[in-house]
Amino acid sequence: MLNLTYFQSLFNEDNTEIRCRKVLDEISPVVKPIFQQFVERIGITVGNEYIIRSYDTTLTTTYHDARNPTYAEKKKDSDIGRKHYIKLNRKVDDKEYNFLTLELEGISRMLMIHSELNFIPFWAWVRNDKIHGVLEAIPSDYSIFTGWKEKSVIPKEEFVPFVKSCIKPRKRPNFEIGTSLPLEGNLEEESLIAELVSAWEKLGPFRSFYNEEIDVSTRAYDALMLLAATRNIKETHLLGRPYSVDIGPLEDQKQGKRQPFNIYDGEQMLTKGYMSYLDYSDKDSPFQTIIVQLEGHNHIFTSARAIIGDGTIEWWITKSFAGQNQENAKVMANAMRLLGEHHIQVKGSSYYVGSFNNETQSFVEGAEAVKKTFIDAGLLFAHVKGKLELRSDAPTVGTGEEDDPETEPGLEPNFTFSEIINMISNSQFTFSNDIIRDLHLNLTALDDKHFVLLSGISGTGKTQLCRLYANAVYGLEYESENPYFTIIPVRPDWTDATALFGYYSSFEKRYVKTEFLQVLLHALKERDKPHFILLDEMNLARVEYYLSDYLSAVESRKEIPLHQDDQITDIPKKLVIPPNVYVLGTINVDETTHSISDKVLDRAFVMTLSDVDFDSYWERVDQDLKAALTNEFTILRELHRTLSVYELHFGYRSMGEMLQKLYANHQLPEEYQLDAMEALDRVISEKVLTKVRGDERISDMLANLEEWLTMNISSASISLQHVKRMKEELEYYGATQFWR
């Protein structure tokens, strides 16, 4: 006999440590055998396909943390241990899908029996019009629950609108399909087993839909992985010209894989693109998707489910162009004509990329040929839309400017920090969570004022961080074009507010607009969208001279007067700074820049990016480069540590460019290569020592550098000669620099 009331009392224990321990000692030993009996009763064998998961691991960890003085204070108010569950999961490859869960929910005081699913399958069922059949398969006496801490029930008649309401704002709740009993009184063990068996049988029709969804999604993603696996495409011919193709290794993404590819015209790189193979696109689609991205735009965005079924299925993709201010029909005609000229079959607005044999799970033409068609089609689409010019004797370029809604849906902002940090973590750049969190808080802590300055040594990624963050807010990758992010380089001749807000030209009888003003006007029209402006190297001019009007307007909420001419209709006479404008500025401190006044500093959050984490950086480096330059990287990292003591270290940009030159030397024919140490000596001389300058305070550094170069490079190295010369100058003049 199970005393459910007693179990509830254990969940109510205020002390996390005691609660976890009692749940582990008293509830788990009782519930687990009951669940195992149920599994045996329904004839399931736990092994390769089915697996039992319980909450015990989490409870054990929390219990030990609660006893650790380091974590005890944080854990004392935790809700962990206020429930206990055990699950029967289906395992497919490296993923697990829950089929039935027995949950003792101490917070809501319920004993629940349910199947738990994330949002994606329901989104898929809504998209493929199977949702009504799925809902009918749920027993009438069963409920759809959502919520972790507090459970709420979604009525069936409200479920489809609820799912649709979650798509655009990227809310992705979990759902539990099942029944519940009050967690009180007594319950016979055999009765609980019977309830579990009954739930398993009642959920059978729903489970059929779920199994079908699992199998189709698995097969579709496996088909994408066939394309991802090949890197053997080395060249292509477009518009009569040969181009070299270099396909990089796969990169992990939150929702799948991404693969860079470079297109070269001779020795010159023409463009860098990406092919993404997604299990689902959290922003756009619940289906297994392949994306071809070039020049920051998605030129192909299509589901792989089109080829999943019986027998051999042809893969036809429908293309549309719906950009603004363009002759879409003309652009479409040009695109389809070019595809046909490049031996890609066309029917109306659809084109053929290959056929998939579902029996053999392979592409009839071979994965390499299909992948090449995707790349060729993506390049041709970029060409006709004017995003990328492919040279030819008679080029055909459309007038389009924007992607169609299917390939690039309208952007929606999302300031959820977990989403932002996941996007940035999946990029090729190296930033700590502390830096990302600090930037996020600095930009969002104030509702009506967003102004952040980023200072630090050159090459630490200040500009990249700003772009990463702005793109992450809109769910875009770093390389994507973001219409809500604008970089404005500051000029040394900016002396007043006209540099930002423009001016009325009495001679031309018109208002001369600036890029900064255009962003503000756009932000006024779309107040629901954050607009990011990056003033790059903003202290090349005196910041308080050109930015004072902006700072005053933000602080006072007063309008900025622009002109008095009634004939000017496209520019308002006065302008208010809307709260959806986010201004960031990068600052480098050297002899070419100005100091920042207190007036500016008082109105900004100031971040310093001088710390460089080359260990994390190295983990993200291309595998081919990493294999070739491990020794050189180790030496450069040691040099960085030597210089960092004196604040003369270098950043990610310098490290990346040095490694790229060393790798280029490594790829030369052997008879033309520089010796590895000689090449390393040259990049140190060219990229590191050029910034060395100072007075007697760097005397010890030069001595250490001389010793280090002698030991690690060569006693006859170019870099060593420069260091010796600078030492002599320092002793004679009291100051020195690399430049003579």
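In terms of our numbering, the sequence shown has 1201 at position 535, counting the first letter as 1, and numbering is strictly consecutive.
Backbone N, C-alpha and C fix where the C-beta goes; we use that ideal spot for every residue, glycine too.
| query | So, using beta-carbon positions, are D1202 and P1155 closer together than 8 Å? | reply | By 1-based counting over the sequence shown, the position of residue 1202 is 536. By 1-based counting over the sequence shown, the position of residue 1155 is 489. Yes, they are a contact pair.
| request: Could you tell me which of S1172, H1388, Q1403 and E1344 sits nearest to N1378, measuring between CA atoms? | output: Position 712 of the sequence shown, counted from the first residue, corresponds to residue 1378. Closest option to N1378, Cα to Cα, is E1344.
| said: Which of the three DSSP states is assigned to T723 in this structure? | reply: As a first step, residue 723 must be located in the sequence shown, where it is residue number 57. It is helical.
| query | Is it right to say L1112 is buried, meaning 16 or more other beta carbons lie within 10 angstroms of its own, or is it exposed? | reply | On the sequence shown, residue 1112 is found 446 positions in, with the first residue counted as 1. L1112 should be labelled exposed.
| said: Suppose you measure from the CA of P1196 to the CA of H1388; what does that come to, to the nearest Å? | reply: Along the sequence shown, read from residue 1 onward, the residue named residue 1196 stands at position 530. Along the sequence shown, read from residue 1 onward, the residue named residue 1388 stands at position 722. Their backbone Cα atoms lie some 49 Å apart in a straight line.
| query | Beta-carbon separation of P952 and A803 under 8 Å? | reply | On the sequence shown, position 286 is the one that residue 952 refers to. On the sequence shown, position 137 is the one that residue 803 refers to. Not closer than 8 Å, so no.
| field | Close-in-space but distant-in-sequence residues of the same chain around I1199 (CB under 6 Å, 5 per side omitted) | value | Locating residue 1199 in the sequence shown gives position 533, where the first residue counts as 1. Result list for I1199: T1152, V1185 and V1249, in chain order.
| Cross-strand partners of E771 (DSSP beta bridge) | Position 105 of the sequence shown, counted from the first residue, corresponds to residue 771. Under DSSP, the beta-bridge partners assigned to E771 are K749 and M776.
| Looking at Y943 and L904, is the spacing between their C-beta atoms short of 8 Å? | For the purposes of this step, residue 904 is taken as residue 238 along the sequence shown, with counting starting at 1. For the purposes of this step, residue 943 is taken as residue 277 along the sequence shown, with counting starting at 1. It is not a contact, given that the beta carbons lie outside the stated cut-off.
| task | Starting from I1234, follow its DSSP beta bridges and name the residues at the other end. | result | Counting from 1 along the sequence shown, the entry for residue 1234 is found at position 568. For I1234, which the question treats as bridged, DSSP gives no partner whatsoever.
| field | Spatially closest choice to I1041 from G1020, A988 and S1058, by CA coordinates | value | Stepping through the sequence shown from its first residue, residue 1041 is reached at position 375. Of the residues G1020, A988 and S1058, the one whose Cα lies closest to the Cα of I1041 is G1020.
| field | Buried versus exposed, by CB contacts within 10 Å (16 or more), A860 | value | Walking along the sequence shown from the start, residue 860 turns up at place 194. Label assigned to A860: exposed.
| said: Looking at the secondary structure, which residues open and close the beta strand (DSSP E) in which L1120 lies? | reply: In the sequence shown, residue 1120 corresponds to position 454, counting from 1. Residues F1117 to S1121.
| request: Assign R1391 to one of two classes, buried (16 or more other C-beta atoms within 10 Å of its C-beta) or exposed (fewer than that). | output: Within the sequence shown, residue 1391 is the residue found at index 725, counting from 1. R1391 comes out exposed.
| said: Suppose contacts are defined by Cβ-Cβ distances below 8 Å. Is F811 in contact with V819 by that definition? | reply: By 1-based counting over the sequence shown, the position of residue 811 is 145. By 1-based counting over the sequence shown, the position of residue 819 is 153. Yes, the pair counts as a contact, with Cβ atoms nearer than the cut-off.
| request: State yes or no: is the C-beta of L670 within less than 8 Å of the C-beta of E850? | output: For the purposes of this step, residue 670 is taken as the residue at position 4 of the sequence shown. For the purposes of this step, residue 850 is taken as the residue at position 184 of the sequence shown. In contact: L670 and E850 (Cβ atoms closer than 8 Å).
| Between the stretch 926-940 and the stretch 1008-1028, do three or more beta carbon pairs fall short of 8 Å? | Flag = no, the stretch 926-940 and the stretch 1008-1028 do not touch.
| request: Use the C-beta contact count for A886: other C-beta atoms within 10 angstroms, 16 or more gives buried, fewer gives exposed. | output: Residue numbering aside, residue 886 sits at position 220 when the sequence shown is read from its first letter. Under this definition A886 is a buried residue.
| query | By how many angstroms is the C-alpha of E1225 removed from the C-alpha of G1322? | reply | Residue 1322 sits at position 656 when you count from the first residue of the sequence shown. Residue 1225 sits at position 559 when you count from the first residue of the sequence shown. G1322 and E1225: Cα-Cα distance of roughly 45 Å.
| task | Return the residue from the list N1331, Y1312, Y1283 and E1313 that minimises the CA-CA distance to T1300. | result | Residue numbering aside, residue 1300 sits at position 634 when the sequence shown is read from its first letter. Residue Y1283 is the option with its Cα nearest to T1300.
| L1005 versus A895 - alpha carbon distance | Against the sequence shown, residue 1005 aligns to sequence position 339. Against the sequence shown, residue 895 aligns to sequence position 229. Their Cα atoms are separated by approximately 25 Å.
| query | Are E1372 and L1386 closer than 8 Å when you measure CB to CB? | reply | Your numbering for residue 1372 matches position 706 in the sequence shown. Your numbering for residue 1386 matches position 720 in the sequence shown. Yes, the pair counts as a contact, with Cβ atoms nearer than the cut-off.
| Counting along the chain, where does the beta strand (DSSP E) carrying T640 start and finish? | Past the edges of the chain, shown from 667 to 1406, lies residue 640, and the structure says nothing about it.
| Whole-angstrom C-beta distance between K698 and S720, which should lie under 8 Å | As a working note, residue 720 is residue 54 in the sequence shown. As a working note, residue 698 is residue 32 in the sequence shown. Taking the Cβ atoms as the reference, S720 lies roughly 6 Å from K698, within the contact range of under 8 Å.
| query | Where DSSP assigns a beta bridge to F1151, which residues make up the other side? | reply | Numbered from its first residue, the sequence shown carries residue 1151 at position 485. DSSP lists F1198 as the beta-bridge partner residues of F1151.
| query | Are three or more beta carbon pairs between the stretch 774-791 and the stretch 837-849 nearer than 8 Å? | reply | Yes, the stretch 774-791 is in contact with the stretch 837-849.
| said: For Q1289, count the other beta carbons within 10 Å of its own beta carbon; 16 or more makes it buried, fewer makes it exposed. Which is it? | reply: Against the sequence shown, residue 1289 aligns to sequence position 623. Exposed is the call here.
| CA-to-CA distance, A1165 to M1324, given in whole angstroms | Residue numbering aside, residue 1324 sits at position 658 when the sequence shown is read from its first letter. Residue numbering aside, residue 1165 sits at position 499 when the sequence shown is read from its first letter. C-alpha separation (whole angstroms): 36 Å.
| query | Between the Cα of I1384 and the Cα atoms of V1358, Y672 and L1346, which residue gives the shortest distance? | reply | Counting from one through the sequence shown, the residue named residue 1384 turns up at place 718. The alpha carbon of I1384 has as its nearest neighbour, out of V1358, Y672 and L1346, the alpha carbon of L1346.
| request: Identify whether K1353 lies in helix, strand or coil by the three-state DSSP scheme. | output: For this step, residue 1353 is matched to residue 687 along the sequence shown. Helix.
| query | Going by Cα to Cα distance, which pick from I913, Y1144 and T1039 is closest to H963? | reply | Your numbering for residue 963 matches position 297 in the sequence shown. For H963, the nearest C-alpha among the options comes from Y1144.
| query | Who are E782's beta bridge partners in DSSP? | reply | Numbered from its first residue, the sequence shown carries residue 782 at position 116. Beta-bridge pairing links E782 to E842.
| query | Can you give the beta carbon distance from Y716 to K757, rounded, assuming they're within the 8 Å contact cut? | reply | On the sequence shown, position 50 is the one that residue 716 refers to. On the sequence shown, position 91 is the one that residue 757 refers to. Right, the Cβ-Cβ distance comes to about 7 Å (below 8 Å), so this counts as a contact.
| task | Using DSSP bridges, identify the partner residues of N877. | result | Start at 1 with the first residue of the sequence shown, and residue 877 comes out as number 211. Beta-bridge pairing links N877 to no other residue.
| Cα-Cα separation, D1070 to R1359 | As a working note, residue 1070 is residue 404 in the sequence shown. As a working note, residue 1359 is residue 693 in the sequence shown. Below a pLDDT of 50, predicted positions are generally treated as unreliable, and D1070, at 38, falls in that range; the measurement from the model is reported next regardless. Their backbone Cα atoms lie some 53 Å apart in a straight line.
| Close beta carbons around T1402, own chain, < 6 Å, minus the five adjacent residues each side | Position 736 of the sequence shown, counted from the first residue, corresponds to residue 1402. The beta carbon of T1402 sits closer than 6 Å to those of M1392, E1395 and L1396, all from its chain and outside the five residues before and after it, given in chain order.
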